[in-house]
Structures are given as structure tokens and as C-alpha cells.
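Protein chains in written order, with my numbering: chain A, -13 to 324; chain B, -13 to 324. Report on one structure; see the data block that follows.
There are 2 protein chains.
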Amino acid sequence: MKHITIKDIAKKLNVSISTVSRAFNDKYDIRQDTKELILKTAKELGYRPNPMAKKLIQQRSFNIGIVVPEFEKSYFPQVILGAQNVLLEHNYQVLLMQSNESSETERKNVETLVDNMVDGLIISLCSEEENIAYYKQLIAKGLPIVFFNRVIDELEATKVLFDDYKWAFFTTEHLIQQGLKNIIHIAPKKKYSYTNNRISGYKDAMTKHKLVPQKIIYSHLTVEDGEEIATRFIETKNIPDAIFSSNDYCAIGAMRVFKQHGFKIPKDIAFAGFSETQLSEFVDPQLTSVSQPTKLIGKTAAELLLKQIDNKESSIYQTVVLNGNLNIRESSMKVLKL
Amino acid sequence: MKHITIKDIAKKLNVSISTVSRAFNDKYDIRQDTKELILKTAKELGYRPNPMAKKLIQQRSFNIGIVVPEFEKSYFPQVILGAQNVLLEHNYQVLLMQSNESSETERKNVETLVDNMVDGLIISLCSEEENIAYYKQLIAKGLPIVFFNRVIDELEATKVLFDDYKWAFFTTEHLIQQGLKNIIHIAPKKKYSYTNNRISGYKDAMTKHKLVPQKIIYSHLTVEDGEEIATRFIETKNIPDAIFSSNDYCAIGAMRVFKQHGFKIPKDIAFAGFSETQLSEFVDPQLTSVSQPTKLIGKTAAELLLKQIDNKESSIYQTVVLNGNLNIRESSMKVLKL
DNA sequence: TTGTATGCGTTATCAT
DNA sequence: ATGATAACGCATACAA
């Protein structure tokens, strides 16, 4: 694993290492033919500059760190892809780390990335409480960071968000327009900034159409949770008109149990999910869900980060709110209970 | 972004930088109380060793690179997770890169990781042809690499594989045992080492039960491809007893079209997929599929890599073949066409 | 037990 | 236009 260095090239060509170095950095004076000669032999020898040495002296890495809570649930991979495309175009390498939904791991990940002198970070948080002080410190030190999806409200920073309020409102209103009245909302137990926005959207839509009382169930939103919730409804023979779940999994779990008990969807009970997964299209019936512009989120985050890196002086933090789409499918279509 | 260095600590305590350095590396002699003092003030000052400098001098990084073709399709994230767990336990940080199914990007990714002095690599290849020479070179240089899932047969290296032959055989035999005779296999157009193994498994199972001719369709295995294939069968009124697809997506696409045309599954036509995705459980009817031990693949790859890193002398390359499971679901159950 | 000095592979600041 | 040399932050052989 012996690496070729500029020294080797210098020795071979009987020039000084500074000349060799200059050949790779156009900004310096160097005769055209010596430059070409150096570049040529460098290629022959298979020379690759050592980024460690470069980073050490330049105090920057052209690396961007992306930290996400997990990437099994199809949302984050696409965001990452969107960001990576932009960053690669600008010659930044992307270092990806996942925190396994643990703030502790998240902290370690970010520390590693900072230690490795990333030029900037794109982060979706595990928790909104644990590492606030640390992030404040990083931002104060001038490290460019863009938060997305799961952010801390009180943190002054650049953020890329989704208009959860609006789309929860729309979704609820869509269900109401189908003639449904007794609409249940299933919200995540873990509190994120978007949780309340979605709840408010649901509530306001219900209120607007004079539908009270409103019922909210707090859950971890797994498939199993959905199944359990459905079972409870069936046991108590208290069947709502519709269930609007804060993710697809929970909706799908509930749907499955209702189907098994002979309920017709959407006639007997309608469903809507949120932040659409691949599943929504493939379950039977297909699930109405709010889709987020995942790639655009990544792209936007990356662009904002690059902007921040370029004008380090002006530290004005923007918040960009992106639009989504309500994909209306069989699970909530043309119900009209009168 | 001014970082605290050992110099700062040394100055503050009026000791030399080597003493400070020694305080962090137990292997040297150092008085207990000076050590404690140094560690204490280091903590107070918020000192963090600069990994760049460390890497530069130690020629190793405690970083492991993982390179995958993509991570949207639920298979790779879990493998990565499995590997990461093992590696983190051994104090290795994981740098993740995705190649977007492009050998060129893959090459760049690996180069970046190598430049950054990763201590080892875990790779699933985009193509089995493009970068062979490069990988041979890396292995020859002594860089520990473990390949998994998509590997190059002719490359002498450590590999973690799945017994595709066996499970394709089992799956085919399962379909035959359901009384089905005219069984079609849909194989990937792109050739990977596993492609032929699965085809052989299918063929041998058919032959064993004296079922000829066998029909194989080559496809890109997307949902749309599945739909197209199904449409063609229906148009030509030539309906097979069963379709055994080399992935779930294609099977699901085909299933969807057959359902739309009023076919009963599995009565009119049965289905089986491969390398189970989350979808298999959620489509209707649920899809029979071969599940691979994704986390175990990652875990095994990581363990083999660590072993390789530890005994660099002995370069004996192992190939580990892991077992899977055939999850039999509604799409192929109790058909018995007589 | 501690300090001095050297080097890892670069870039950058001087000279020449 | 080029060469010598000092950094960057750390580990380590050697001297004290």
C-alpha cells in the first residue's frame, strides 16, 4: 500500500517538490512544458494526492456530511440522493452516517464528521432535545449546517421543511369532502416539530367544517400499532368513518385488520396516510397519502449548504418550506356516506 | 472553527507536546498525575484529536468504507446496518457511499475512500466487468476488501454470498409441489454471478420433476416490466401455471395486471418472488418470496473484514455462503391443479 | 519520566 | 520560473 507522493515525482524528474505541487495548483507560475511533464509522469506513476495532507494544511476537506436517523423507510435514501447529486456536481464528496434513531450515535456521527473537517453538514435529527447545545456551538463556530425534516424550532439555523400543517389540513378536508365525519387522526408519540403542525392541520380542517369532537390517538406508528388500534375499534364496535394516520405503515396495519374482519374499504371505513412510502401504491386498496418532494428536499438542502459555505460572512439563516402532493387513491375515494 | 491542539494544552500546562501526546496513548511511560492533569485540562478545553494528523502519521484511519450500487430498494440499508453494528463495536467509523448503479461513480467512490485511507472496504458491485483490474490492484496492494451479493467470480477475494441456486431450486420445487407444471422464470437481463445460479436452480428443479420445456424471460425486473410481461401473456391467451420472478417488483407488477383482468391468484396463476422486499407482505395476495438474511450478510462481511485487517500477513480469501428462507404466502399456496 | 527532534504529504512563504 | 523551508497536528525514536 505504498503511495506515490510528490516527492517521488520530484526525485524522478530532478525538480523540487514545490514545483511538482505547483503543477497541480494552477494558481502559481510554472512553465507550461515542465507542468505538462510533471502531470504526465504523475499519471504514469499513478500518483494520487493525499487528501489527509491537503486537509491538514488547508483546514477544509471538500467533504459534506449527511446524518439521518435511519434509512430503511424509503424517505431518507431519496433525500440523500437528491443532495448527493448537487454536491457531486460541485466536487464535494458526501459522507453518509446514520444514527439509528439514537441521539448518542447522532452526536458521535457529527463529531466524527467535524473531526474529519467536513465543510458542512446536512442533518435530520433523532430527537429535538438532546444535542441542542452542541449544535448551537457548532453553528456559533461558523460551521455551515442545514437541518431538514426533523428540526429544532428554537434553533437559529438554515432549515428545509415541509408544510405539514397545510397537507394535513388538505388531507383531512379531502376526507370530509368524501362525506366522512367521524375522522380519527393517529399522531406520533415522539414529538417532532411537524407532529403539532399535522395535528393543527387536522384540527383546523375539522373545526372549519364544524366537526367536533376530534379524536387523536398517539402511537409509535408501526404496522403492529395500526393493527392493534384497528382491533380495539372493532372490539368496541366503535367504527370511525375514516382514519388519517401520520404515516403509511400504521394506516396499512389498520387497513389489514379491518379487511380481515370483512370491512369494505373505503365504503365501511376510509384511510389516508402521510409521507408516502412505496407501499401506498401496492397495498390493496391503494392508500391515499401525502407525498413529500424527497429529492427536492435533498437538492434544496444541498444548495442552501453550498450557498452558506460560499458566503461565510453573512450568517442569515433561511427556512425553505416545500410543497407536496396529496395522492388520492382507492382507500378514500368516492365514499359519500349520507 | 479554531481547534484546540495538543500544543495549546502543552503551553497551558508548561509541558512538552510529546508529554501531552503520551497522555492519550497509554502505551508510553508517563507519571499518573501528569497524565490525569493533562486529560482533565484537555477535557476542559474541549480538545479533540485531529484525525487527519493522526491518519497522516499512522497511515490508518479506523474508517471502513461501504460502497453499494443503491439503497432505495430496502435490501442494502439492512446489510449496511448489520455491518455498521459490528464495526462500531470495534471502534471503526463507517463511511457510506452509493454508486447509483454506475461503475464510474463506483470507481470514484472507492478512490475517495482509498485516498482517505480507509482500513478496509465492503463492496457490492454495480457491474462485474468494469473495475476488475482496479480491484485486483487494490487487493494486491494488501487493502482488505470484502465483496458481497454482487461479486466477480474470477476475482480472488473474500466474499459473502447467498445460495441462490439452492433457493431458486427450492422455490421452483415448491411451485411444482403445488401441482403446477408450466412454470416461467423471469431472470435479470444484466448478468450477475447470481443470475446463472438462480437460472440453474430453476432448471434443475424442473428437470428433476421431468418438466420440460422450461421457459426463461429476460427482463430488467421493474414493476413496469412485470406488467408488460403479464399483458403479453394475456394477449396471446397463453397463461402459464406460475411465474417465478428473480425479484419481487416484477412479480408484483405482473400480479397486478393479472388481477385487473380478473384472474384469481393463485388459482388461475401462481407467483413467487426473490430476495424479499417489504412489499411481499403487503400486496394482495401476499407474495411468496425468498428472503435473504440481510443483516447477517452485513454482519458477516464486517466480521470477515475485521479478521482480514487483523492478520494482514495471511491472505487466505474465504467465501461464506449464507442461508435464506422461502416464505410461502398466499400467492402460491394450495393450488393443486390436477 | 520527560523533552527534543523528525517525519507523515501537502501547501505556502520566502528566497533565488 | 524554480528551490528551500516552514508550517498543519500528531506520534515516536532518541536523548536527557
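C-beta: ideal position from N, C-alpha, C; glycine also.
If you look at Ser179 of chain B, you'll find it in the alpha helix (DSSP H) that goes 179 to 194. At a cut-off of 9 Å between beta carbons, Arg34 of chain B contacts chain A.
Identification of chain B residues near Ala256 of chain A by a Cβ-Cβ cut-off of 9 Å yields none; the smallest Cβ-Cβ distance measures about 17 Å. Of the residues A:Lys285, A:Ala216, A:Glu159, A:Tyr121, the one whose Cα lies closest to the Cα of Asp254 of chain A is A:Ala216.
Taking C-beta atoms under 8 Å as the contact rule, Glu92 of chain B and Leu111 of chain B qualify, at a distance of about 7 Å. Within the same chain, and ignoring the five residues on either side of Gln70 of chain A in sequence, the residues whose Cβ sits closer than 7 Å to its Cβ are Val80.
Rounded to whole angstroms, the gap between the alpha carbons of Asp19 of chain B and Arg17 of chain A is 57 Å.
The C-alpha of Pro279 of chain A lies about 13 Å from the C-alpha of Gln264 of chain A.
The CB of Lys41 of chain A comes closer than 8 Å to the CB of Met38 in chain B, given here in chain order. Ile295 of chain B and Tyr188 of chain B have their C-alpha atoms some 38 Å from each other. Taking CB atoms only, Leu82 of chain B has a neighbour in chain A less than 9 Å away.
Around the beta-carbon of Gln44 of chain B, fewer than 16 other beta-carbon atoms lie within 10 Å, marking it exposed. Listed in chain order, the non-local C-beta contacts of Pro271 of chain A below 6 Å within the same chain comprise Ile251, Glu316, Ser317, local neighbours out to five positions each way being set aside. Contact between Gly239 of chain B and Gly212 of chain B is confirmed by a C-beta separation of about 3 Å, below the 8 Å threshold. One finds nothing in chain A with a Cβ atom closer than 7 Å to the Cβ of Ile118 of chain B; even the nearest lies about 17 Å away.
Just so you know, the alpha carbons of Arg136 of chain A and Phe148 of chain B end up roughly 37 Å apart. DSSP, read as helix, strand or coil, puts Tyr61 of chain A in helix.
Inside the stretch 71 to 153 of chain A, DSSP marks whole beta strand (DSSP E) runs of 3 or more residues at positions 79 to 84, 106 to 109, 131 to 134, 144 to 148, from first to last along the chain. Listed along chain A, the residues sitting closer than 8 Å to Asp270 of chain B by beta-carbon distance are Val269, Asp270. Two segments are said to touch when three or more pairs of C-beta atoms, one from each, lie closer than 8 Å; by this definition the stretch 158 to 177 of chain B touches the stretch 187 to 204 of chain B. Under the three-state reduction of DSSP output, Phe48 of chain B falls in the coil class, being neither helix nor strand. For Glu142 of chain B, no CB of chain A lies under 9 Å from its own CB, so it is not counted at the interface with that chain. If you look at Gly239 of chain B, you'll find it in the alpha helix (DSSP H) that goes 234 to 246.
Looking at B:Val307, B:Tyr235, B:Asn297, the one whose alpha-carbon comes closest to that of Leu273 of chain B is B:Tyr235.
When the alpha-carbon of Thr(-9) of chain A is set against those of A:Ala28, A:Tyr78, A:Lys122, the nearest one is in A:Ala28. For Val53 of chain B, the secondary structure class from DSSP, reduced to helix, strand or coil, is strand. Rounded to whole angstroms, Lys(-2) of chain B and Arg34 of chain B show a C-alpha spacing of 16 Å. Sequence-ordered contacts of the stretch 57 to 75 of chain B with chain A read Phe57, Glu58, Ser60, Pro63, Gln64 [C-beta pairs closer than 7 Å]. At least one CB of chain A lies nearer than 9 Å to the CB of Met103 of chain B.
Neighbours of Thr280 of chain A across chain B, judged by C-beta separation under 9 Å, do not exist; the nearest C-beta is about 10 Å away. Within chain A, the residues whose beta carbon sits less than 8 Å from that of Leu265 of chain B are Gln264, Leu265, Phe268, listed in sequence order. Contacts with chain A at 9 Å (Cβ-Cβ) include Ile238 of chain B. Ser47 of chain A and Asn86 of chain A do not touch by the CB rule: their CB atoms are close to 25 Å apart, not below 8 Å. Residue burial is scored here from C-beta neighbours: Val53 of chain B has at least 16 other C-beta atoms within 10 angstroms and is therefore classed as buried.
Counting C-beta atoms within 10 angstroms of its own C-beta, Asn233 of chain A has 16 or more neighbours from the protein chains shown and is therefore classed as buried. Interface with chain A (9 Å Cβ-Cβ cutoff): Asn135 of chain B is excluded.
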